[in-house]
Every structure is written in C-alpha cells, then in structure tokens.
Amino acid sequence: MKKLAITSIVLIVALLGITSYFALAVAPTEATMGDVQRIFYYHVSSGWVGMLCFFVNFVASIVYLWKRSAASDALAEASAEVGVVFCGVLLLLGTLWAKPVWGIWWTWDARLTTTLVLWLIYVSYLVLRRFSAGGQTQVLAAAFAIFGFADVPIVYMSIRWFRTQHPSPVIGGGAGSGMAPAIWHVFLLTLVAFTILGAVFVWLRYKLATQEQALESAHAQAALKGVA
Amino acid sequence: MSVLRLTRATLMKDLRMEWRSKDAINSMLFFALLVVVIFSFAFNPTAEESRLIAGGLIWVAFLFAAVVALNQTWARELRNQVLDAYRVSPAPPNALFLAKALGNFLFVVVLECLMAPLFVIFYELRSVGPLWQLIVVALLGTWALVVNGTFFAALSIRTRSREIMLPLILFPISIPALLGMVDATTSILTGEASPDFWIKMLAVYDIVFTAICLLLFETVLNAE
Chain A
24 MKKLAITSIV LIVALLGITS YFALAVAPTE ATMGDVQRIF YYHVSSGWVG MLCFFVNFVA
84 SIVYLWKRSA ASDALAEASA EVGVVFCGVL LLLGTLWAKP VWGIWWTWDA RLTTTLVLWL
144 IYVSYLVLRR FSAGGQTQVL AAAFAIFGFA DVPIVYMSIR WFRTQHPSPV IGGGAGSGMA
204 PAIWHVFLLT LVAFTILGAV FVWLRYKLAT QEQALESAHA QAALKGVA
Chain B
1149 MSVLRLTRAT LMKDLRMEWR SKDAINSMLF FALLVVVIFS FAFNPTAEES RLIAGGLIWV
1209 AFLFAAVVAL NQTWARELRN QVLDAYRVSP APPNALFLAK ALGNFLFVVV LECLMAPLFV
1269 IFYELRSVGP LWQLIVVALL GTWALVVNGT FFAALSIRTR SREIMLPLIL FPISIPALLG
1329 MVDATTSILT GEASPDFWIK MLAVYDIVFT AICLLLFETV LNAE
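Chains as they are written, first to last, in my numbering: chain A, 24 to 251; chain B, 1149 to 1372.
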C-alpha cells in the first residue's frame, strides 16, 4: 500500500504539472476571452472525468445487484466519491469563468442546473451510504444509484425547456464551433491527463474501500469467535 | 394469491387503519396548513402576484406534507416483524409495494382536495386556463412524488436517523417532477402558456420510475 501511495502521488504531481505547464504557458491566449479561457482546459476535463465516474458508478451498481461481488460495490463507492469531487471542481471552475465572461457567477441555465442537480443526487447517494446500517448499505446504495442515473436525462430534458445560456457545444456544435489547432492539442492533452488522474484517484479509493471491507469482515469474525 | 388480490387486501388494511387512526392525514393536513400560513407571512403576496407564485407554493407545501405521511409508510410494518413475515411468505413483494404506493397516493390526493379551498381563500386564486388540466397535473405529479417516496421510505427505514434520511434522498431525485408540476400549474393558472410539455414529461417520469421501483423493490425488501 505504501509503495502504491508513493507511486500514485508522483504520478498525480507529474500529471498536474504537465497539464498546468501546457494549459497555462504553452497554449496560446484566446482572442476574445483572454487568459480566462485557460480555465476551459480544466473545466471540461473535470466535467468529463466526473461524468465518466458517475457512469462507472452506474455500471458497478448494476453489476453489484447482479453478482453481489464486494469488488463492484467498492468500485461504485470509489467512483461516486471521485465523481462528486470532480463534478464539484467543474461547478467551481464554471463560476470562476462565468464571472468575468458573463458578468455573473451563476445562472439557472440548462446545463448548469443539470450539473448541479447531478451533483446533488450523488451527494445524497454518499449520504445514504454513510447513514445506512451494516450489511444493507451495498444493496440500498446500488438501488439508489440506478434511480439517480435514470433521473439525469429527465432532469436535462425538463430543465432545457427553460432557456440556455451556456456556450453551445464547442466540439461538433455546427457552424462557427471548433478550436484552433494549438488549443485543440492542449485540450486533448489535459483531457487524457485528467482521465488518468481520475483513474488513479478511483483506484486509490477502491483499494481503500476493499481494505475497509476486509477490516469490517475481520471485526465480524472476531466478534463471532468471542461469542463462541 | 394473485398480485391484484394481495394488493387490494394490503391496501384495504392500510386504509382501514388510517380511517380509524387518521394519523397520516391529520399530521399532513396540519403541516400543509402551517406551510400555507408561513408562506403567506413570508411573501405577503397580492392576488396578482399569488397567481404567479401559487404553483410553487402549492407543490412545495404538498411535497413537505407528503414526506410526513411517507415516513410513516413502513414504520407500522416494522413493529411485530411484519416485514420479516412478509419476506418469508411466498407473497409477491410488488403487491406490497403497489398497495403502499396506492395508499400514500390516496392520502395525498385527499390532502390536496381538502387543501385546495384553503389556497383559494388565502391567496384569492382563480384559474385563467382550463381547470381540468390542473387535475391531470395533480394526479400525475402526486404519483411521481409518491411512487419514489414510498420506495425511498423503504430505503431510509433501514438507515440510522430514518426520518431525516427520506427528504435527503427523495428531493434531489424529485427535482424534475417538482419543476414540471410547478411550471405546469403556473402556466394553467396564468393561462399564458401551454402545460402540454410538462404533462408529457410527468407521464414519462411516472412510467420510468414506476418501472424501476417495481424492478428493484424485491431486492431492497430482501436486503440484509
């Protein structure tokens, strides 16, 4: 575990260092927004990792309900926690970007609101995990995860019915979308780096969760022996 | 026994118990009344303003009040190990779930019928749009709250601090349903927009979550 932790820390520092160097120094300054645009690299990458984590959580929850394997439950817990963190970073960076560009910190637009609701759903997933008792946690959490994931498209559809202020998709968003090649390369680099970063976090949290499970069952065994 | 007969038996039992004790309906009614009075003090709206905010007000009051009844759904089945008995019996779990959800649905609908005149009196409400649409929205919206609420009550009863847990997990999931109910009600009351999209959205929400509830209830009932 110690070796794993040291390797991970080195990897995390290296990944953050490389992305920061490219996003802050190498990438050209954007024409209309200036340096504020550099938030974009972190913002979109965190969002991507967050959504990926929630998807992993959904798949792991289904696998848990199906196979009842402790590993898939540990993965579900790990990915939900990491997902909430990255989704939180996404929201935070979004407000930091919005203030100078839009002139407001927050607006109740479709994508912002959907992301906030998504974040709330997975926070309540973590609250449910924390508060449920003993051996039932896994089943209850897995059931709730399916509700949460099914809610996302409905949330998006219903909130879209209001109005949209978020910039339209930069990638594949039709005429006028797209990025300069230099920005595109840096963006791809941060995206890959953040995906690895997210995977490292999930992996570490997964290891921790499996050790917690092992500790719990050891306690249960010891208690049983004490009674006998 | 068939699912239908079992559902009916459980539902009638719950309705009879409620008829004799009136626990759920009384506490919901009083709670909703308090919310109405407190909102009136907090916002002090004129008749024109209240038509704009009434959609939100009505549904927030009903949502909070419904949680009171939902929290009691499974509590009486825990006493005397009724749920454990149900688990070992060959009875289909979904019959139990449907009965509980229908029971809660009826309680909340009764609450809405009793509270509607109060809203009219306190907020001088008058609908500009067609009234029958309001009934459709109320039925679809109430089922949306109650079906997930009944399921999540079964989750939260297994946790520490049960009563606090239910709103914490129910409200985030119910946000689109609440949004649909509020916006549809406001557009009917003001007569300025068509609630068609929201009615369809609520119908989709109801179908999706009823299906998931029925799919997962057995798993949750047997969680150990």
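Just so you know, even glycine gets a beta-carbon here, dropped at the ideal spot from N, CA and C.
Chain order gives no chain B residues near A37 of chain A, where near means a beta carbon separation below 9 angstroms; the closest approach is about 37 angstroms.
Interface flag for L1205 of chain B against chain A is unset, since no Cβ pair is found closer than 8 angstroms. Between the alpha carbons of E1196 of chain B and A1209 of chain B lies a distance of about 20 angstroms. By the neighbour-count definition (other C-beta atoms within 10 Å, threshold 16), I1312 of chain B is an exposed residue. Using a CB distance below 8 angstroms, no part of the stretch 69 to 87 of chain A faces chain B. Chain-order list of chain A residues neighbouring M1349 of chain B: I177, M180, S181, W184, by C-beta distance under 9 angstroms. At a cut-off of 8 angstroms between beta-carbon atoms, F167 of chain A makes contact with chain B. Close CB contacts of E1225 of chain B within its chain, under the 6 angstroms cut and outside five residues either way in sequence, are with L1231 (chain order). In the DSSP assignment, N1252 of chain B falls within the alpha helix (DSSP H) that extends over 1241 to 1271. Within chain B, no residue has its beta carbon less than 8 angstroms from that of S240 of chain A; the closest one is some 15 angstroms off. Leaving aside the five residues that flank S102 of chain A on each side, the residues in its chain whose CB is nearer than 6 angstroms to its CB run, in chain order, C76, V79, N80, V225. Within the DSSP secondary-structure output, T1307 of chain B pairs in a beta bridge with A:S155.
Relative to L1314 of chain B, the option among B:I1283, B:A1217, B:R1227, B:L1205 whose CA is nearest is B:A1217.
Taken through DSSP and simplified to helix, strand or coil, E104 of chain A comes out as helix. By the neighbour-count definition (other C-beta atoms within 10 Å, threshold 16), L1279 of chain B is an exposed residue. Counting only runs of at least 4 residues, the stretch 1276 to 1362 of chain B fully encloses the following alpha helix (DSSP H) elements, listed from N- to C-terminal order: 1279 to 1304, 1310 to 1338. Straight through space, the alpha carbons of D58 of chain A and I1323 of chain B are spaced by roughly 36 angstroms. For R183 of chain A, same chain residues with a beta-carbon under 6 angstroms away, outside a window of 5 residues either side, are A133 in chain order. A distance below 8 angstroms separates the beta carbons of A46 of chain A and V209 of chain A.
At a cut-off of 8 angstroms, the C-beta of I1201 of chain B has no neighbouring C-beta in chain A.
Contact note: L1316 of chain B reaches chain A through S147, V150, using a C-beta cutoff of 7 angstroms and chain order. Each residue's CA atom was taken as its position, placing L115 of chain A and L139 of chain A some 11 angstroms apart.
Its Cα nearest to that of T1358 of chain B, the residue B:G1289 stands out among B:E1340, B:T1333, B:G1289.
Runs of the beta strand (DSSP E) spanning 3 or more residues and lying entirely within the stretch 64 to 126 of chain A do not occur at all.
Shortest Cα-Cα distance from I206 of chain A to any of A:L39, A:M24, A:E53 involves A:E53.
Within the same chain, and ignoring the five residues on either side of L1262 of chain B in sequence, the residues whose Cβ sits closer than 7 angstroms to its Cβ are L1177. By the Cβ-count criterion, M1160 of chain B is exposed, with fewer than 16 other Cβ atoms from all chains shown falling within 10 Å of its own Cβ. In the DSSP assignment, the residues bridged to E53 of chain A are A:G57. At a cut-off of 8 angstroms between beta-carbon atoms, A1371 of chain B makes contact with chain A.
Ranked by Cα distance from Y148 of chain A, the first of B:R1310, B:L1316, B:T1158 is B:L1316.
Apart from the 5 residues on each side of it in sequence, W1291 of chain B sits with its Cβ closer than 7 angstroms to the Cβ of F1253, D1354 in its chain, given in chain order. The beta carbon of W1222 of chain B sits closer than 8 angstroms to the beta carbons of L1231, K1248, A1301, A1302, I1305 from its chain, once the five residues preceding and following it are set aside; these are given in chain order. As the crow flies, the alpha-carbon of F109 of chain A is around 10 angstroms from that of V67 of chain A. Interface with chain B (8 angstroms Cβ-Cβ cutoff): Q236 of chain A is excluded. L1211 of chain B places its beta carbon less than 8 angstroms from that of L1293 of chain B. Collapsing the DSSP output to three states places D1162 of chain B in a helix.
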